[in-house]
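The next block holds one structure in the form of structure tokens; read it before the comments.
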Amino acid sequence: MLRLISALFAGSLFGLGLIVSDMLNADRVQGWLDVLGNWDPTLAFVLGGAILPMLLAWPLSARRGKALLGNVLPGPASVRIDWELFFGAALFGAGWALVGLCPGPAVAGLGLNGISGILFFLTMIMGMSLTPYLRRHFQKPAMA
Amino acid sequence: MQHEWLMGFIGGLMIGTAALIFLVVNGRIMGVSGLIGGLIDRSGWGNGRERIVFLFGLFMVPVLWVRFIAPVETHVTNNLSLIIIAGLLVGIGSRLANGCTSGHGVCGISRFSIRSIFATAVYLMSGVIAISIFRQLLGVI
Chain A
1 MLRLISALFA GSLFGLGLIV SDMLNADRVQ GWLDVLGNWD PTLAFVLGGA ILPMLLAWPL
61 SARRGKALLG NVLPGPASVR IDWELFFGAA LFGAGWALVG LCPGPAVAGL GLNGISGILF
121 FLTMIMGMSL TPYLRRHFQK PAMA
Chain B
1001 MQHEWLMGFI GGLMIGTAAL IFLVVNGRIM GVSGLIGGLI DRSGWGNGRE RIVFLFGLFM
1061 VPVLWVRFIA PVETHVTNNL SLIIIAGLLV GIGSRLANGC TSGHGVCGIS RFSIRSIFAT
1121 AVYLMSGVIA ISIFRQLLGV I
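Heads up: the protein sequence lines correspond to chains A and B, in order. Just so you know, our numbering puts 45 at position 45 of the first sequence, and the rest follows in order with no gaps. In our numbering, each number is its position in the second sequence, counted from 1, plus 1000.
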């Protein structure tokens, strides 16, 4: 139960942070990527602000060895750079730029963006469901 | 410092604090594509309720904010073909890369993960290229 309350609180705080930082505003996200046009650096402040607490969170949780509610912590990060990672990130970046939504704001904007928000969410889910089938084409050796 | 930069930083601290709580208290990485993806491919059904409740909070707060506090400007396009293409790209791309802005960008970079730093550099570059082509060159978005 405590775990669910904590998860609900974290998700809600994430949503509030997206509102406060104006990251539900597609113009602002696209503006950050629009380096040849009217460039908007706000997103860099958001990302910087978000990384700061996590710089504390990783060593803090590592020192404890487990989560406060007893769960096992995530394992060490993989160091494998492969084509899946490259193509995945490239496709993701293009989609993010075209509409200005990534998965967090897509969920947070589900109730705000009318038919566009719902359709984006559904096609995103569809894309996620298709990925295991596409993945089979990327069983190649690591890039580096 | 401009007002929106300060608000961006404060909102960012809130997002990072949410990620901190999810890691330190729940022992989980706050990556939205991974949270949803695990519900789709069933790999995350063991802690499915935790995922659903997190996503519910993320979904509900903006709805309640708009209903009771203030409007939120979103400026999301109503070009539905664009929405479909972008939704598919974001869904496929984030799962193929095992992470999105929250997972790789916030949670990965902060643990100095080389994969996350690489992925973030690639999706930022790809986003810049896409905006440059479709907005500056073709003027379609």
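Cβ coordinates follow ideal geometry from the N, Cα and C atoms, glycine included.
Compare the C-alpha of A/A77 against each of B/L1006, B/G1108 and B/I1069 and name the closest.
B/G1108
Could you check the C-alpha separation between A/M1 and A/A7 for me, to the nearest Å?
Rounded to the nearest whole angstrom, the C-alpha separation of A/M1 and A/A7 is 10 Å.
At least one CB of chain B closer than 8 Å to the CB of A/M1: is that the case?
No, because no Cβ of chain B sits closer than 8 Å to the Cβ of A/M1.
Using a Cβ-Cβ distance under 8 Å, would B/S1033 count as near chain A?
yes
What is the DSSP secondary structure of B/S1113, counted as helix, strand or coil?
coil
Rounded straight-line distance, which links the Cα of A/A44 to that of B/I1084
27 Å
Work out the CA separation of B/G1091 and B/I993 for me, nearest whole Å.
Residue 993 of chain B falls outside the range modelled here, since chain B spans only 1001 to 1141, and no answer is possible.
Suppose the cutoff is 8 Å on Cβ atoms and the five residues either side in sequence are ignored; what does the same chain contact list for A/S61 look like?
A67 and L73
Considering only the beta carbon of each residue, do B/T1074 and A/A26 sit closer than 8 Å?
The Cβ atoms of B/T1074 and A/A26 lie closer than 8 Å to each other.
Just reading off the alpha helix (DSSP H) that B/E1073 is part of, what are its end residues?
The continuous stretches of alpha helix (DSSP H) do not include B/E1073, and DSSP gives it neither H nor E.
So B/G1034 and B/G1103 are supposed to be a Cβ contact under 8 Å. How far apart are they, rounded?
5 Å
For the alpha helix (DSSP H) that B/H1003 lies in, which residues bound it at each end?
Note, B/H1003: alpha helix (DSSP H), H1003 to V1024.
Measuring only between beta-carbons, confirm whether A/G65 sits less than 8 Å from chain B.
no
Compare the C-beta of A/G17 against all C-beta atoms of chain B and say whether one is closer than 8 Å.
yes
Compare the C-alpha of B/V1122 against each of A/L33, A/R63 and A/G117 and name the closest.
Residue A/L33 is the option with its Cα nearest to B/V1122.
Cβ of A/R136 less than 8 Å from any chain B Cβ?
no
CA-to-CA distance, B/I1010 to B/L1096, given in whole angstroms:
31 Å
Environment of A/F87 [buried if 16+ CB atoms lie within 10 Å]:
buried
Whose CA, out of A/I5, A/L55, A/L16 and A/L24, lies closest to the CA of B/G1142?
In the structure as shown, chain B begins at 1001 and stops at 1141. Residue 1142 of chain B is therefore absent and cannot be evaluated.
Which residue spans inside the region 1031 to 1073 of chain B form an unbroken alpha helix (DSSP H) run of at least 4?
1032 to 1040 and 1048 to 1068
Can you tell me which of B/L1082, B/R1115 and B/F1112 puts its alpha carbon nearest to the alpha carbon of B/F1134?
B/L1082
Distance, B/W1005 Cα to B/C1100 Cα:
22 Å
Within-8 Å CB hit, B/G1087 to chain A:
Against chain A, the CB of B/G1087 has a partner CB under 8 Å away; the residue lies at that interface.
I need the DSSP call for B/T1077, collapsed to helix, strand or coil.
coil
Between B/L1055 and A/G17, which are expected to be in contact by the criterion C-beta below 8 Å, what is the C-beta distance as a whole number of angstroms?
Actually they are not in contact, since the Cβ atoms of B/L1055 and A/G17 sit about 15 Å apart, beyond 8 Å.
Using only the alpha-carbon positions, how far apart do B/G1093 and B/G1044 sit?
Their Cα atoms are separated by approximately 19 Å.
Whole angstroms are fine: how far does the CA of B/L1064 sit from the CA of A/L122?
22 Å
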